[in-house]
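Each remark here refers to the structure printed beneath this line.
2 protein chains.
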Amino acid sequence: MIKFDAQNSGIETDVTSEEVSEKLKKIEARGQGFYKIVDDSVDEILEYASSVEGKYDDIVVLGIGGSALGTICLQQALKHLHKPKKLHVLDNIDPTFLRELDDVVDYSRTLIIVISKSGGTPETLSQYFYFREKCENFVFITGPTGLLRETGDKEGIKMFEVPENVGGRFSVLTVVGLLPAALIGIDILALLKGAQEMRDKFLNENPNENIPYQIATLQYLHGKEGRNMTVMMPYSQRLIRFTDWYRQLLAESIGKTPEVGLTPVSALGVTDQHSQSQLYMDGPDDKFFIMIKVEDLGPEVMIPGDEVDYLKGVSFNKLMHTEQKGTTDALTHNKKPNVTLNVPKVDEYNLGALFMLFEGATAFLGEFYGINAFDQPGVELSKKLTKELLTGSEA
Amino acid sequence: MIKFDAQNSGIETDVTSEEVSEKLKKIEARGQGFYKIVDDSVDEILEYASSVEGKYDDIVVLGIGGSALGTICLQQALKHLHKPKKLHVLDNIDPTFLRELDDVVDYSRTLIIVISKSGGTPETLSQYFYFREKCENFVFITGPTGLLRETGDKEGIKMFEVPENVGGRFSVLTVVGLLPAALIGIDILALLKGAQEMRDKFLNENPNENIPYQIATLQYLHGKEGRNMTVMMPYSQRLIRFTDWYRQLLAESIGKTPEVGLTPVSALGVTDQHSQSQLYMDGPDDKFFIMIKVEDLGPEVMIPGDEVDYLKGVSFNKLMHTEQKGTTDALTHNKKPNVTLNVPKVDEYNLGALFMLFEGATAFLGEFYGINAFDQPGVELSKKLTKELLTGSEA
Chain A
1313 MIKFDAQNSG IETDVTSEEV SEKLKKIEAR GQGFYKIVDD SVDEILEYAS
1363 SVEGKYDDIV VLGIGGSALG TICLQQALKH LHKPKKLHVL DNIDPTFLRE
1413 LDDVVDYSRT LIIVISKSGG TPETLSQYFY FREKCENFVF ITGPTGLLRE
1463 TGDKEGIKMF EVPENVGGRF SVLTVVGLLP AALIGIDILA LLKGAQEMRD
1513 KFLNENPNEN IPYQIATLQY LHGKEGRNMT VMMPYSQRLI RFTDWYRQLL
1563 AESIGKTPEV GLTPVSALGV TDQHSQSQLY MDGPDDKFFI MIKVEDLGPE
1613 VMIPGDEVDY LKGVSFNKLM HTEQKGTTDA LTHNKKPNVT LNVPKVDEYN
1663 LGALFMLFEG ATAFLGEFYG INAFDQPGVE LSKKLTKELL TGSEA
Chain B
1313 MIKFDAQNSG IETDVTSEEV SEKLKKIEAR GQGFYKIVDD SVDEILEYAS
1363 SVEGKYDDIV VLGIGGSALG TICLQQALKH LHKPKKLHVL DNIDPTFLRE
1413 LDDVVDYSRT LIIVISKSGG TPETLSQYFY FREKCENFVF ITGPTGLLRE
1463 TGDKEGIKMF EVPENVGGRF SVLTVVGLLP AALIGIDILA LLKGAQEMRD
1513 KFLNENPNEN IPYQIATLQY LHGKEGRNMT VMMPYSQRLI RFTDWYRQLL
1563 AESIGKTPEV GLTPVSALGV TDQHSQSQLY MDGPDDKFFI MIKVEDLGPE
1613 VMIPGDEVDY LKGVSFNKLM HTEQKGTTDA LTHNKKPNVT LNVPKVDEYN
1663 LGALFMLFEG ATAFLGEFYG INAFDQPGVE LSKKLTKELL TGSEA
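These protein sequence lines are chains A and B, in that order. When you number the first sequence by my numbering, it's gap-free, plus one each residue, and the end is 1707. When you number the second sequence by my numbering, it's gap-free, plus one each residue, and the end is 1707.
Right under this line is the structure:
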């Protein structure tokens, strides 16, 4: 299981179980389902996945934001790092991005999953209108009402329901993430098992056991000291898209008022040591760092050659770990507050735990600020302006 | 050519040509070559590219930071958005990331380009030691001295030289970016033409003509008002990696002291409207926004269907533009300072101009702060600690 090392966090926290308990009650009162882990749909997902096995060469997801980011992360983390992807997530409406898909898929052997909880996301609906003229194989993942639901009913399209009480950015462990994952051979039961074990930590009133609570506490306290950014920096190529998933979660959940909002910053070890470290080390003290170390980076790969003394007999695995420690120690030396998550390996189990860890931490963080972490009122104006511009009604 | 719209920048600037001229002189005094555009190596690059035409199915770049980010951006911006990439940039040392390359390339038909200006980047050298046991086809891009240069001399490997006075993060328009680009069929002459035209703007003492100067001025003034982040948000799937290139440029060039450092934030339109907009609209006023509109998004792709009134007769091209305007207007309405770059299209010419625009802006920004934008002293400690940890000399 994931271990948490907060020794360089820069802040002494003194949390009682009453405080944890009080925040858990507030979260419970919001009626959110993300930590309930709806596994009653799992059988239906697995059954469907096995019923279409071998039928499709490509899977296309039409979805944006919370309908896309978890799935992109799952594929990057758990599938081959170089082979062409079997699953294409179209999370943009760039016309060339849509049009050029023609050149790589055979629509008669392609399954398209349309995901929109409201059933009315304009980007996703537009994409559906476009691809239904090319392809006949659709599945919808949507809420109980809306245009997508109506269309699915009329056309007899197979549909899965997004749980009412789980918002898009908290939905990776529902059918939204689980169905695409199952279709590319990811073990969703192991994913849920990891999530459930972390959920138990999230619900544990003992603050020493509750990693989500500890992280939220530190983010909150550092935020109060003017550190308006949280940098997440995993040392694993497999987790390069995990930080994008977390970016949405933190930004939309907590960015709510001129006084309340932490900006998530994605980084990747060791790559971004050569792109961001200079700023992190010498620049302003405006960041709190969450480093992620992956213990098992796969079979050991040795660095051959003897031209460089300090690389003799060293493996890439060891070099990766050592650079992670060197960078973390340098941050600490430069008085940049940081914590480290030790993840045994990037597999379904640990990834499930990571998703739940940060969903829980974000829910706690909302309660620290006393805001609703589960809505997004700020995006309405741009949607309204876009519709007015399209219909000319702004005149 | 690129046009700059600063009407919602939130700050009135009143710049004289004397100020521009003074900063240009300071930049000149630093002896940097990024804006000189070394085109004397272009013939050698084109000649080499044509000499190996048809010989290789895959190109692999071993390089990290400034040796990788420009090339990744060039491929994403100018090649097919879905077809498997011919060029693989290995900008990490994750052992699985290296090992799994075996499954997708035939090393007898693969050319490996090793890029390290110092010739001593440990990550890149380790990768070279690893791949030279699998592959016989190498090119080196390196400085006049160092281990890579010595090895290349000894082994008779074809080498290209990185200009002495151009640092890694400013090197995309040198052989570092141009050679890989030429090998995948990118028109490097057009790239340089766009860069040269923007270079002329950068050297223009008239502030109204000098887009790089105008952007730097705004970043500096907003930074002084507590906006410690620059968000760059292009509305084009082709530019998703351009922001990663810029991230390094801004972070490493300007992040120099506890008082001086702007954190670059990458975003993508319309995708990140569904991931970051809530924070941008309602959250703290700690960001300055650079929106990038691409006028020509390729052949028009219509949105069929008549179920949604406001989408009837609309193309994806128009929807993309309208969402960009809706989001920009909402930022302005919420008093979030923003500017817009209007880019005619994503092609070699305009991409060359974009690179030069932000290299120039970053050079000016360094002079506003009175710092050296061209070094990176802050990364030395973590390198030292890593070496000590590897050799046990820290004990």
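Positions of the beta carbon are idealized from the N, C-alpha and C atoms, including for glycine. Here the structure is a predicted model, which is why all the values come from computation and not from measurement.
Could you name the residues of chain B that residue i contacts, counting a contact when the two beta carbons are closer than 8 Å?
| i | result |
| --- | --- |
| E1612/A | P1407 |
| S1642/A | Position check: residue 1642/A holds Ala in this sequence, whereas Ser was assumed. Going along chain B in sequence order, the residues near A1642/A (Cβ under 8 Å) are L1693, S1694, L1697. |
From residue i to residue j, what does the alpha carbon distance come to, in whole angstroms?
| i | j | result |
| --- | --- | --- |
| A1707/A | T1652/B | Only weak support exists for where A1707/A lies, its pLDDT of 42 falling under 50; the coordinates are left without a value. |
| Q1387/B | I1604/B | 19 Å |
| H1633/A | I1405/B | 10 Å |
| K1466/B | Q1590/A | 34 Å |
| I1469/A | P1475/A | 19 Å |
| K1647/A | I1523/A | 23 Å |
| T1644/A | P1611/B | 52 Å |
| L1697/B | S1333/B | 42 Å |
| G1595/B | Q1688/A | 11 Å |
| N1662/A | L1393/A | 18 Å |
| R1461/A | M1471/A | 8 Å |
| L1702/B | Q1636/A | 12 Å |
| I1357/B | Y1347/B | 19 Å |
| D1369/A | G1497/B | 29 Å |
| P1456/A | D1415/A | 35 Å |
| T1254/B | T1325/B | The shown model of chain B, from 1313 to 1707, leaves out residue 1254/B, and the question about it has no answer. |
Would you mind working out which of the options sits nearest residue i, comparing C-alpha positions?
| i | options | result |
| --- | --- | --- |
| D1556/A | N1520/A, M1544/A, S1565/A, I1566/A | M1544/A |
| I1424/B | F1441/B, T1408/B, F1670/B, P1434/B | F1441/B |
| I1566/B | E1700/B, P1407/B, F1686/B | F1686/B |
| F1600/B | L1495/B, L1574/B, E1521/B | L1574/B |
| K1337/A | G1682/A, T1457/A, K1695/A, L1609/A | G1682/A |
| K1335/B | D1403/B, A1493/B, N1684/B, E1619/B | N1684/B |
| R1444/B | G1617/A, E1660/A, T1408/A | G1617/A |
| G1506/A | A1493/A, V1691/A, L1485/A | L1485/A |
| K1513/B | G1378/B, D1326/B, A1665/B, E1356/B | A1665/B |
| Q1439/B | G1458/B, P1407/B, P1456/B | P1407/B |
| L1381/A | G1497/B, L1530/B, D1608/B, T1583/B | T1583/B |
| D1317/A | L1677/A, G1690/A, D1641/A | D1641/A |
Name the chain B residues whose beta carbon is nearer than 7 Å to that of residue i?
| i | result |
| --- | --- |
| Y1622/A | K1699, L1702, T1703 |
| D1317/A | In chain order: nothing, as chain B lies at least about 17 Å away. |
| F1441/A | I1615, P1616, G1617 |
Given that residue i touches chain A, what residues does it touch there, using C-beta distances under 8 Å?
| i | result |
| --- | --- |
| R1411/B | G1610, P1611, V1613 |
| H1400/B | H1394 |
| V1651/B | Here the premise fails: no neighbours, minimum Cβ distance about 17 Å. |
Hey, residue i and residue j: beta-carbon distance below 8 Å or not?
| i | j | result |
| --- | --- | --- |
| V1417/A | L1399/A | no |
| G1479/B | T1454/B | no |
| I1339/A | E1679/A | yes |
| V1658/A | R1559/A | no |
| F1554/A | C1447/A | no |
| G1694/A | G1638/B | A small fix is needed here, since residue 1694/A is Ser in this sequence, not Gly. Yes; because the gap between Cβ atoms is below 8 Å, this pair is in contact. |
| L1561/A | E1671/A | yes |
| L1459/A | F1628/B | no |
| D1403/B | I1376/B | yes |
| V1364/B | L1490/B | no |
| I1314/A | L1623/A | no |
What in chain A is Cβ-close to residue i, meaning under 9 Å?
| i | result |
| --- | --- |
| D1465/B | Those within 9 Å of D1465/B in chain A number zero; the least Cβ separation is about 14 Å. |
| E1660/B | Under the 9 Å cutoff, chain A gives no residues; its nearest Cβ is about 16 Å from E1660/B. |
At 7 Å on the CB atoms, spell out the chain A contacts of residue i, in chain order.
| i | result |
| --- | --- |
| A1563/B | S1587, Q1588, Q1590, L1591 |
| D1403/B | T1583 |
Could you list which residues in chain B have their beta carbon closer than 9 Å to that of residue i, in chain order?
| i | result |
| --- | --- |
| L1533/A | Here the premise fails: no neighbours, minimum Cβ distance about 17 Å. |
*Which residues, in chain order, does the segment 1357-1378 of chain B contribute to contact with chain A at a C-beta distance below 8 Å?*
I1376, G1377, G1378
_Output needed in chain order: residues of the segment 1582-1600 of chain B with a Cβ under 9 Å from some Cβ in chain A._
V1582, T1583, D1584, Q1585, H1586, S1587, Q1588, S1589, Q1590, L1591, Y1592, M1593, D1594, G1595, P1596, D1597, D1598, K1599
*Got a sec: which bits of the segment 1628-1639 of chain B sit with their beta carbon under 7 Å from any beta carbon on chain A, in order along the chain?*
F1628, N1629, L1631, M1632, T1634, E1635, K1637, G1638, T1639
*Could you please tell me which residues of the segment 1434-1459 of chain B, in chain order, have their CB closer than 7 Å to any CB of chain A?*
P1434, E1435, L1437, S1438, F1441, Y1442, E1445, L1459
_Counting only Cβ-Cβ distances shorter than 8 Å, please list the residues of the segment 1564-1577 of chain B near chain A, keeping chain order._
E1564, I1566, G1567, K1568, T1569, P1570, E1571, V1572, G1573, T1575, V1577
*Got a sec: which bits of the segment 1488-1516 of chain B sit with their beta carbon under 7 Å from any beta carbon on chain A, in order along the chain?*
none
*Contacting positions in the segment 1412-1433 of chain B - beta carbon closer than 7 Å to chain A*: E1412, L1413, D1415, V1416
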